[in-house]
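Asker: Here it is: the structure, laid out below.
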Amino acid sequence: MINYNSTIFPIGEKVEANFTGDAYLQMIFTDETPLNASIGNVTFAPGARNYWHSHKIGQVLLVTGGEGWYQEEGKPAQLLKTGDVINIPPHVKHWHGAAKDSWFVHLAITPGATDWLEPVHDDLYYTL
1 MINYNSTIFP IGEKVEANFT GDAYLQMIFT DETPLNASIG NVTFAPGARN
51 YWHSHKIGQV LLVTGGEGWY QEEGKPAQLL KTGDVINIPP HVKHWHGAAK
101 DSWFVHLAIT PGATDWLEPV HDDLYYTL
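Numbering (UniProt numbering), first residue to last: 1 to 128.
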């Protein structure tokens, strides 16, 4: 279970679209100016992950808690831990989410739109 006293931002509302498992989103910054980017705090329960997706302008992930995975299509998955930063280039198909046995929390800085694709299938996820 996640220790809510150690989290920086509130857990937010449960999200279901484009996620497998229990995931929560607390928007931190939604004003389109001056950054032209939204910032969301995303919390994943163990085993939860988002669908494959890409971003028209790119995305930056700042890991603030737990352990999780990040994978670009055609590349090996990377284990992420607190303090890791991922810079995702535009139009790169990828997914991210919690490890099987850990909660995972990150800030997602996302300028522009997200193109949501298919789910990350269990046969891929459970081999990690």
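C-beta atoms are modelled at their ideal positions from N, C-alpha and C, and glycine is treated no differently.
What does DSSP give as the partner residue(s) for Ser-38 in the beta ladder?
Answerer: Within the sequence shown, residue 38 is the residue found at index 38, counting from 1. Thr-110.
Asker: Going along the chain, which residues of its own chain have a beta-carbon closer than 8 Å to the beta-carbon of Asn-36, five neighbours each way excluded?
Answerer: On the sequence shown, residue 36 is found 36 positions in, with the first residue counted as 1. The answer, listed in chain order, is Pro-111 and Gly-112.
Asker: Please determine, among Asn-87, Glu-72, Pro-90 and Thr-82, the residue with the shortest C-alpha to C-alpha distance to Asn-50.
Answerer: Looking up residue 50 in the sequence shown gives position 50. Looking at the Cα atoms, Glu-72 is the closest of the given residues.
Asker: Grouping DSSP H, G and I as helix and E and B as strand, with all else coil, what is Leu-80?
Answerer: Residue 80 sits at position 80 when you count from the first residue of the sequence shown. Looking at Leu-80 - three-state DSSP - the assignment turns out to be strand.
Asker: Which term fits Asn-87, buried or exposed, when burial requires 16 or more other beta carbons within 10 angstroms of its beta carbon?
Answerer: Translated into the one-based positions of the sequence shown, residue 87 becomes position 87. By the 10 Å Cβ count, Asn-87 comes out exposed.
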